[in-house]
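Residue numbers (this note's numbering): 93 to 306. Just so you know, even glycine gets a beta-carbon here, dropped at the ideal spot from N, CA and C. Take a look at the structure below.
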């Protein structure tokens with residue numbers, strides 16, 4: 093086996109361990125309170141690795157590009173998703189609709205403020221900036237987009253429910269697509285935060301709360 097096939101094999105094994113094996117281990121053995129600290133540590137390691145890689149363009153982390161071409165697509169699919177999710181909640185779980193807003197408005201407010209900072213940004217580092225740079229030679233961009241979406245979905249395996257896995261699989265495709273088109277982690281994180289805040293507002297938050305994890 094030549095050096096290039098060996099490199100790809102090593103990257104594939106690394107990808108499998110980090111983005112499939114680690115979430116499975118967390119789901120089986122780690123308490124729910126461990127999930128956010130684990131994310132922060134992983135994001136810090138990824139950020140250091142990116143910072144030490146001269147081939148990585150650091151402007152991709154915070155690039156405030158011209159967002160207008162992407163905003164139309166982002167807002168349109170957000171409106172469609174919000175309508176669909178609201179319809180599901182009202183039809184099948186009416187008691188959950190806006191439940192957090194109605195019953196615990198202070199908690200909801202804190203989530204709206206802290207979730208983008210403590211959860212979305214670290215995930216953006218790991219599942220957009222790091223993943224698409226580190227494994228760019230492993231597969232085509234389109235294939236890596238799909239792999240990244242599955243990795244993002246598997247990160248929610250510790251929550252132990254199909255809603256979390258399904259929503260994040262779709263979200264992973266959208267956020268990854270936004271990142272690849274804009275080359276801006278900031279823009280993809282803004283989109284991610286929109287959907288996360290929507291989930292906690294509209295009534296699906298219980299399926300993504302760390303207290304529901306093992």
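Which whole-angstrom value is the C-beta distance of residue 128 and residue 210, which I expect to be below 8 Å? 7 Å
Run through DSSP, which three-state label would residue 150 get? coil
Can you tell which of 132, 294, 144, 185 has its C-alpha closest to the C-alpha of residue 219? 132
Once the 5 residues before and after residue 139 are set aside, which same chain residues still bring their CB inside 6 Å of it? Counting only Cβ-Cβ distances below 6 Å, and skipping sequence neighbours, we find 217.
Among the residues of its own chain, which have a CB less than 6 Å from the CB of residue 275, if the five just before and after it don't count? 152
Determine the direct distance from the alpha carbon of residue 197 to that of residue 257, and round the result to whole angstroms. Roughly 27 Å between the two C-alpha positions.
Are the C-beta atoms of residue 287 and some chain D residue less than 8 Å apart? The structure shown contains no chain D; it is built from a single protein chain.
Proximal residues to residue 104 (C-beta, below 8 Å), its chain only, five neighbours per side dropped: 230
Would you tell me roughly how many angstroms separate the C-alpha atoms of residue 310 and residue 195, rounded to the nearest one? It is not possible to answer for residue 310, since the shown part of the chain is limited to 93 through 306.
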